[in-house]
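What follows is a set of notes on a single structure, which appears directly below.
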Amino acid sequence: MPESEPDIFLNKEGICNICLTYEHEKQDDNKEKLLESDLLKILDKYKGKKKYDCMVMCSGGKDSTSALYFMKTRYNLNILAFMFDHGFETKEAIDNVRNAVDILDVDFILYKSSFMKPMFSKILQTDSKATLCHICSIWYMDLAYDVAARYDIPLIVAGWTKGQSQTKKANTQSNKNHYTEFLLMSEATECFLNNQLKDMPQYKRFPKSMEEVLKRAKKRHKSLVISPHWFLPYGPEEYVKIIKQELGWKAPALSYPKGSTNCLLNFISVYNSIKHFGYTHYHVEASKLIRKGVISREEAIEQLKQNFDFETLNKVASKMNISFDDSL
Amino acid sequence: MNILGLSCYYHDSAACIICDGVLVAAAQEERFNRIKNSSDFPINAINFCVQQAGISFDQIDYVAFYEKPFLKFSRVILDIVSKFPFSYGSFIRNTPQWLQDRLILPGVLKREFAYKGDVLFIPHHHAHAASTFFVSPFDEAAILINDGVGEYSTSSIGFGSGKNIDLQKQINYPDSLGLLYSAITTFLGFNANSGEGTTMALASFGQVNYLEQFKKIINIAPDGSYTLNQKYFSLNKRKRMYSKDLITLLGAPRKFDTDYDQRHKDIAATLQFVIEDCLIKQSKYAYNTFGSENLCLAGGVFLNCVANQKILEQTKFKKIFIQPGAGDAGASIGAAFFTYNSILGNERKFVMNHAYFGPESTDKEIEIALNAKSLKFNKYEEQTLLEIVTERIIAKKTVGWFQGRLEFGPRALGNRSILASAQDSVMTEILNSRIKHREWFRPFAPIVKKEKANDYFKMLADSPFMLLAPKVIEKMKTIIPAVTHIDGTARTQTVDKETNPLLWKLLDVHEKKTGISVIINTSFNLKAEPIVCKPAEAIIDYLNSEMDCLALGNYFIEKHDEI
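Line order of the protein sequences matches chains A and B. The opening position of the first sequence corresponds to residue 1 in our numbering, with each subsequent residue numbered one higher. The opening position of the second sequence corresponds to residue 1 in our numbering, with each subsequent residue numbered one higher.
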C-alpha cells in the first residue's frame, strides 16, 4: 500500500506496516496452534486455589457470553462475572449477562458509572481525533485488573476470538508494536490523554495507554488474561447456537458492524474514526479476515456499511447532554 | 462411560474415544502434526477425539494405554544388559525417553491435559486382540496376533468369546515375524515401520530362490511356532537391525535410493513366502485348536494384504476380520475396548464396519482454505460433482478426493484419496511421475462396488479396509490393467453403499458411463508425508504436484479448463 493512505508506513524494503503485521501474525498463527489441552494446563494451575478461579469480563455479546458459558459448564470454574456500564450499554447486552449469570448461577458485579462521560464529552467537543473505543478499552482493562486485585482473582477471562490476536498480545506481553496497524489512532488517543485532561482532575490517575495499564497491573496483582476462544475449535456459528439455546442470548436490534454486540457509544466512535481517518479498527480486522480467506471483500463491505443515522448518533450524544451536531 | 484409548512412543501414535461402548472418534497423531508415523504423545488426536465426542475432558472416565510400560522396560533393560557393551549406544539413546515419558504416563497425562483419573495399562497383545475381536462382527473367533514386539510377546494365538479374550500361546522377543520383516526391509534399503509395504510389493517381482538361506534365519515348526537365529540380527547392538552374518548369508545390503537387482527381488520374495508359510501354519493351528470358522487378525504383520489373502485361501476359516488400523495405532482402540468389555464387563455393542472416525471439514473451512490461496472454484450439487469427477477420471485425469471424515489406519479408504482410471496402465506412470513419486514397482489399489467385486476379483470375503489382495479374474486383467499387479493380484477395497454412500455413488456413475465399476484409489499425500487431514493440506498437495483436479466436499477446482 502507498504511504499516501492514512496510517500506512513503508519500511526500508518498501513493505507497508499492514503487510508486515499480517505476515508476523500469520507466522504466529502457524507457530501457536493452541489446543484445548493447553487451556486445561493453565486452568489446572489456578483452579480451586482462591475464592474465585477466574473473573469473566462480560459485555453481553456472543463472544464473552460464550466464554462465560464454557468456563462454567465445560471447565467447572468458580467464576465472578464482571460487567461495566458506562451509560451506553444496550438493554439487550445487560439482559444477556443477567440471564447468563442467573442460569449459570455465577456471582456477578455490574459496575455502573458515569465517570467516563465527561471524558467522552470532551473528545466530542474538542477537535480531538482520539478514538472512544481505545479510551474505553483502557478504562475497562484497568477496571478489570482492579476488580481482580480486589477479589484476589488469578485469571481474567475475556471473549476475544482468534482473529483478535492483537488484544491477546497486548495483554500477554508489553509490546508497543501491537498498535502498528492503528498508529495514527493510538497516537491521537495518547495525545488526548496526555494533553487534554489537565483541567479534569478526576482523571489524574487515568492510564495514558494500554501499556501503562499492564505495567500498573503487574505491580498490583498477578492476573493472567486469556480467552477460551483461542483454544477451542468452535466457531461463532456453533457457540451462538449454544448460548441462544442454553442462556436465551439475544442479538441487539442495531449494532455496528452488522451482527456485532457493541455498545451505543460505538456508533459515535465509528462515525468519528471514519471522519478523522477514513476507516475504523473494524475495517482493519475485516481486511485481515479477507486476507485469511475467512470472508470475501464483498461480505466485508456489506458488514461494514454504515447502518445508523444522525438520529441514532444524536440519541447517544444526548446522554452526555450535548447535541451531536454541535461537535461536528 | 467415556474411555480414551492411547498408543504412543514407538510409532504410529494414536488416540480414540469410546462412549458407552461405541467408537466415536479415532485418529493418528501424524495426521495432525504432519510427521509420518509420528511416535509423539498424541495430544492433537486426543483434543480432536474429546471434542468430536462432544464431551469435556473431565468427563473422561478412564484412560487405557496400549501396553504395560514397566514390563516393556524390563525387556528393554534385560536385552541391553545381555548385549552390553555393544548395546551402550542404545542404552544412552533410549533410557532418557523412558524416564521422561514412558514410565510416568499418569504424570504425562496430568502434564498434558490435567487428567487425574484412572489409567489402565493393557498388555500389548491383549490390546491388539481386543482391537480386532471386540469390534468384529463375531460372537466367537480364533485370534492371531503378530507384530514387532510389545512387552515380550511377538506372536499370540487365542480365542475370543463374548466379552472374553483368552490368549493361550505366545512367542516372545527376540523371536519375531515383525522384526524379521522389518530387518529384511532395512536390508533392502527401506525404512523399518513404514517400508514393509514396499518390500511386499517388490516380492512379487522375485523368485523364492533364497529358501535355504532363510531356513538358517528362521526355523518354523508345523504348528507355526518359530525361532529366529539371532546371529543374523543386531537388535539393540547397532543402529541397523541385521548383523554381518546376514550380509555374509544374503550378500551386500541394498543402499537407499539405488537400483534393484534380481537378488533384492528374490530376497523379498523369499521373505514374503516364509512369512506367509508361517502365518498359514499358525492359522491352521488356530483352526484346529479352537474349531471356530471365524478368524480375527491384528498386529502390524497383518497389514500385509498378500499374506492375509493366502490365509483366507489356504485355511478353512470362512470369515476373517482385520480392522483398518491393524498395527499399533489400532491398539489404542483395543486398549479402550478391552477396558470397556473385558475389565469392566460391559456387553459388546459395536462393530467397526468402516474406518471414517477422523476429523471432517465444513463447507466454510473448505471455502476459507480455497480463498486463502485465491483459487477459483465451483460448488456443485452432489450428482453434478459425481458426473464431473467421473468425466475427468475417464479423461485420464487425476482427481484429489477429499470428502467426509478422515480414515483411521494407514490406508486411504476413499475419503482422503487420489482417484484415477483403472482402465489404462499409463495411469500408474502418470500417478507416479506427476504426484506420488514412489517406487515404480508398487501397485495402485482398486476400489470396487462391494456387490460387483466378484465380477473383477476372486473375492473370498469383503475387503472394506484394503487388507486383502485377491487375484484379478483373468479376462479382467486387460480391462483394469492399472490396478493389476505383476503377480495378478489387486489390493482391493470393496465399497459398501451403507458405509461410504458418496464413493459408492461415484463408482456407480463411473460404471454407468464406462461399464466398469473399478477406479484407482491411492492415498492423498505426496512422498514421505502423512495422508492429508485438512483442506489446506489437500490444496497444498494439489498445487505442489501435477494433480489435475481437486474435489473438496462439493467444491471443485482444476488446473486445466480445456476438458
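Quick reminder that beta carbons are idealized off the backbone N, C-alpha and C, glycines included. Note that the coordinates shown come from a computational prediction; the quantities given were computed from them, not determined experimentally.
Whether residue i touches residue j by CB criterion (9 Å)
i: residue 52 of chain B; j: residue 325 of chain B; result: no
i: residue 64 of chain A; j: residue 159 of chain A; result: yes
i: residue 452 of chain B; j: residue 427 of chain B; result: no
i: residue 321 of chain B; j: residue 14 of chain B; result: no
i: residue 210 of chain A; j: residue 156 of chain A; result: no
i: residue 472 of chain B; j: residue 450 of chain B; result: no
i: residue 413 of chain B; j: residue 360 of chain B; result: no
i: residue 201 of chain B; j: residue 410 of chain B; result: no
i: residue 153 of chain A; j: residue 80 of chain A; result: yes
i: residue 461 of chain B; j: residue 130 of chain B; result: no
i: residue 240 of chain B; j: residue 251 of chain B; result: no
i: residue 108 of chain A; j: residue 82 of chain A; result: yes
i: residue 372 of chain B; j: residue 292 of chain A; result: yes
i: residue 492 of chain B; j: residue 530 of chain B; result: no
i: residue 269 of chain A; j: residue 191 of chain A; result: no
i: residue 338 of chain B; j: residue 551 of chain B; result: no
i: residue 300 of chain B; j: residue 196 of chain B; result: yes
i: residue 340 of chain A; j: residue 132 of chain A; result: Here chain A has residues from 1 to 328 only, and residue 340 of chain A is not among them.
Assigned exposure category for residue i - 16 Cβ within 10 Å defines buried
i: residue 252 of chain A; result: buried
i: residue 179 of chain A; result: Low per-residue confidence applies at residue 179 of chain A: pLDDT is 49, beneath 50, and the placement is therefore not dependable enough to give any value.
i: residue 192 of chain B; result: buried
i: residue 220 of chain A; result: exposed
i: residue 258 of chain B; result: exposed
i: residue 553 of chain B; result: buried
i: residue 470 of chain B; result: buried
i: residue 31 of chain B; result: buried
i: residue 437 of chain B; result: exposed
i: residue 127 of chain B; result: buried
i: residue 168 of chain A; result: Residue placement at residue 168 of chain A cannot be trusted, given a pLDDT of 44 that sits under 50; the coordinates are not used to answer.
i: residue 102 of chain B; result: buried
i: residue 265 of chain B; result: buried
i: residue 294 of chain A; result: buried
i: residue 318 of chain A; result: exposed
i: residue 541 of chain B; result: buried
i: residue 211 of chain B; result: exposed
i: residue 525 of chain B; result: buried
i: residue 113 of chain A; result: exposed
Proximity test, Cβ basis, 9 Å: residue i and chain A
i: residue 110 of chain B; result: yes
i: residue 367 of chain B; result: yes
i: residue 563 of chain B; result: Note that residue 563 of chain B scores a pLDDT of 40, beneath 50, so its modelled location is shaky and nothing firm can be said.
i: residue 376 of chain B; result: no
i: residue 550 of chain B; result: no
i: residue 370 of chain B; result: yes
i: residue 114 of chain B; result: yes
i: residue 623 of chain B; result: Any property of residue 623 of chain B remains undetermined from this structure, which presents chain B solely from 1 to 563.
i: residue 364 of chain B; result: yes
i: residue 379 of chain B; result: no
i: residue 373 of chain B; result: yes
Test: residue i CB closer than 9 Å to a CB of chain B
i: residue 292 of chain A; result: yes
i: residue 343 of chain A; result: This structure gives no information on residue 343 of chain A, because the portion of chain A shown stretches from 1 to 328.
i: residue 165 of chain A; result: Because the pLDDT at residue 165 of chain A is just 49, under 50, the model does not fix this residue reliably, and the value given afterwards should be weighed accordingly. With 9 Å as the cut-off, residue 165 of chain A does not count as an interface residue toward chain B.
i: residue 73 of chain A; result: yes
i: residue 78 of chain A; result: no
i: residue 170 of chain A; result: Residue confidence for residue 170 of chain A is low, a pLDDT of 40 falling below 50, so the modelled location carries little weight; the figure read from the coordinates is stated next. Not one chain B Cβ lies under 9 Å of residue 170 of chain A.
i: residue 66 of chain A; result: no
i: residue 237 of chain A; result: yes
Assumed close pair residue i, residue j - CB separation to whole angstroms, cut-off 8 Å
i: residue 157 of chain B; j: residue 282 of chain B; result: 6 Å
i: residue 331 of chain A; j: residue 111 of chain A; result: Nothing about residue 331 of chain A can be read from this structure; chain A reaches only from 1 to 328.
i: residue 602 of chain B; j: residue 369 of chain B; result: Given a span of 1 to 563 for chain B in the structure shown, any question on residue 602 of chain B remains unanswerable.
i: residue 167 of chain B; j: residue 125 of chain B; result: 6 Å
Exercise. Below 8 Å between beta carbons is the criterion; list the residues of the stretch 35-46 of chain A that meet it against any residue of chain B, in chain order.
Key: The residues in question are 35, 36, 37, 40, 41, 43, 44.
Practice problem: Could you name the residues of the stretch 36-62 of chain B whose beta carbon sits closer than 9 Å to any beta carbon of chain A, in the order they occur along the chain? | Solution: Of all residues in the stretch 36-62 of chain B, only 43, 44, 46, 47, 48, 50, 51, 56, 57, 58 come within less than 9 Å of chain A when Cβ atoms are compared, listed by chain position.
Exercise. Output, in sequence order along the chain, the residues in the stretch 285-313 of chain A whose CB is closer than 9 Å to any CB in chain B.
Key: In summary, the residues of the stretch 285-313 of chain A whose CB is separated from some CB of chain B by less than 9 Å are 290, 291, 292, 293, 294, 295, 296, in the order they occur in the chain.
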